[in-house]
């Protein structure tokens, strides 16, 4: 699913994430973002603009309108509509299907407020994944203007401190303070899963299918021969053999962009972790916990 131009522009606006959108001239009244998962299921986020009110829905096979999972005002609190492991399972499948949506990235950044960590979760790992997702939001920055004298200066004034270069703008959409605030423990709102109208059966079916899809992947095609090396990395927690894993996949004929990008330099540890875990058929978090 190509990211729409409206969502692309919004995702590059720090105010979109912190509740104060700066440029409202181009905004539609409502933005609907659909993340197809598999077998006709999709997670659908609807955002009222410019207020920022959000609702998360689940679209079932052969239907056009989603069932609402939860609603929240722009700044929360967000309902615990998803378990963290449900969101991460779906996000992994989405990333495998769409190279434009690597994991952790935009999907986690947008939907993780609806999946607050609980006592049953590895809270540091959840925070690390959320932090990596918000840090993955990057924008192009213009090259710095030339600095230095227009002509050769006198010898006394040739040192660099006489001709300081202008500061380089950061490619990160969010500064470190905003990332820390967004990645912290989420305040959970309504326990919507207790509502009898909550689509438990449909969500369970989606997660079951997504889990089966991920579990079957290591035995398919070129992944089967590299599974022992992926398992070794997952068990030891050492990412240094990742280039060897990438080379083995390439030699085996793997051309999947999501797989190759996640294991390529410059290596993003948490992006590599989920991919290695998937290729190893390891329990999610087996490798991740070594790097958060």
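Residue numbers (this note's numbering): 31 to 322. Glycine residues also receive a C-beta, built at the ideal position from the N, C-alpha and C atoms.
Residue i: buried (16+ other C-beta within 10 angstroms of its C-beta) or exposed?
i: residue 20; result: Residue coverage of the chain in this structure runs from 31 to 322, which leaves residue 20 outside it and unanswerable.
i: residue 255; result: exposed
i: residue 96; result: buried
i: residue 314; result: buried
i: residue 264; result: buried
i: residue 204; result: buried
Per DSSP, residue i forms a beta bridge with which residues?
i: residue 346; result: In the structure as shown, the chain begins at 31 and stops at 322. Residue 346 is therefore absent and cannot be evaluated.
i: residue 66; result: 72
i: residue 379; result: One cannot answer for residue 379 here, as it falls past the ends of the chain, which runs 31 to 322.
i: residue 168; result: 202
Anyone know if the C-beta pair for residue i and residue j falls short of 8 Å?
i: residue 49; j: residue 104; result: yes
i: residue 286; j: residue 300; result: no
i: residue 253; j: residue 213; result: no
i: residue 110; j: residue 202; result: no
i: residue 193; j: residue 174; result: no
i: residue 310; j: residue 242; result: no
i: residue 135; j: residue 166; result: yes
i: residue 87; j: residue 98; result: yes
i: residue 35; j: residue 60; result: no
i: residue 39; j: residue 56; result: yes
i: residue 232; j: residue 90; result: yes
i: residue 248; j: residue 147; result: no
Output needed for residue i: all residues of its chain with C-beta closer than 6 Å, excluding positions within five of it in sequence on either side, in chain order.
i: residue 121; result: 133, 137, 138
i: residue 160; result: 142, 213
i: residue 116; result: 237
i: residue 168; result: 201
i: residue 312; result: 264
What does a CB cutoff of less than 7 Å around residue i pick up in its chain, not counting 5 residues either side in sequence?
i: residue 293; result: 272, 275, 276, 302, 305
i: residue 67; result: 73, 120, 123, 124, 236, 240
i: residue 81; result: 104
For residue i, which residues in the same chain have their Cβ closer than 8 Å to its Cβ, ignoring the five residues on either side in sequence?
i: residue 140; result: 63, 75
i: residue 234; result: none
Does residue i come within less than 8 Å of chain C when only Cβ atoms are used?
i: residue 287; result: You won't find chain C in this structure, because it holds only one protein chain.
**Asked** Between the segment 190-202 and the segment 72-89, do at least 3 Cβ pairs fall closer than 8 Å?
**Response** no
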